[in-house]
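Reviewing the structure listed below.
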Amino acid sequence: MLSIQIDFDSPTEGIMMREIRNKRASGFTLVETMLSMSIVMITALGVVASIIYTRQSLELDKQKLAAMNYARQAMEAALTNSSLDAGTRTLVPFNQPGLEIAAQVVVDFFPIDNNGRVDWGTILGSAPLDMPALCRVTVSWQPSGSWSRTQMIRYTSIVRAGTL
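FYI, the numbering for the sequence shown is 96 to 259, going by my numbering.
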């Protein structure tokens with residue numbers, strides 16, 4: 096016959112383990128909380144920095160696109176021998192609509208001799224009608240903000256005035 100001996104003075108092992116688990120502290124320690132908060136803060140700073148960098152990069156790309164359009168218009172005017180509209184144009188920043196940035200448009204013509212060499216020392220006022228010339232259109236501007244070094248777009252082409 097099977098007999099089970101029960102000691103009523105000492106609790107069973109299951110009850111003891113339950114009591115030990117209940118006495119243990121629950122939740123996170125201060126060190127764990129601080130470590131997780133620092134990881135979240137570093138991640139948040141990285142996200143904010145990447146958003147700022149992207150906005151600045153897109154703003155500069157928009158200004159470059161407008162400058163390339165001004166250079167293209169000046170080059171087309173040089174090809175058709177129409178009046179060249181060089182001088183100052185304005186670039187309006189996307190992030191600051193009230194601010195206007197002055198862009199300087201410069202059109203230079205350099206004569207090309209019969210051997211095909213460009214005479215860089217002589218700048219002509221317009222393209223000569225009797226011979227080809229090298230036309231160089233330069234658009235330069237000083238952007239606002241933290242990326243404030245002078246930016247420049249330059250187009251170069253050989254033109255013969257009045258051929259289009």
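Don't be surprised by glycine CBs; every beta carbon is placed ideally from N, CA and C.
It should be emphasised that the depicted structure is a prediction, and the values quoted were computed from it without experimental measurement.
Spatial distance of residue i from residue j (CA atoms)
i	j	result
I207	E171	19 Å
T183	D225	30 Å
V142	N209	59 Å
E195	F123	54 Å
M136	T128	12 Å
L174	A198	22 Å
G193	T217	40 Å
R150	S133	26 Å
I147	R244	18 Å
V126	A139	20 Å
Given residue i as reference, the closest of the options once Cα atoms are compared
i	options	result
Y250	R184, T175 and N164	N164
A162	G141, A173, S145 and T185	T185
Q246	S235, M136, M129 and Q199	S235
I253	S133, D214, S243 and T149	D214
A166	G216, T233, T128 and A139	T233
P238	A144, K159 and I146	K159
Three-state class that DSSP yields for residue i in the structure shown
i	result
R255	coil
R184	strand
R167	helix
R249	strand
R244	coil
So, do the segment 199-212 and the segment 225-234 have three or more beta carbon pairs nearer to each other than 8 Å? Per the Cβ contact rule, the segment 199-212 is in contact with the segment 225-234 (3 or more Cβ pairs under 8 Å).
For the segment 139-155 and the segment 218-225, state whether three or more C-beta atom pairs, one from each stretch, are separated by less than 8 Å. Under the three-pair Cβ rule at 8 Å, the segment 139-155 does not count as touching the segment 218-225.
In chain order, which alpha helix (DSSP H) runs of at least 4 residues are fully inside the segment 193-242? The qualifying runs do not exist here; there are none.
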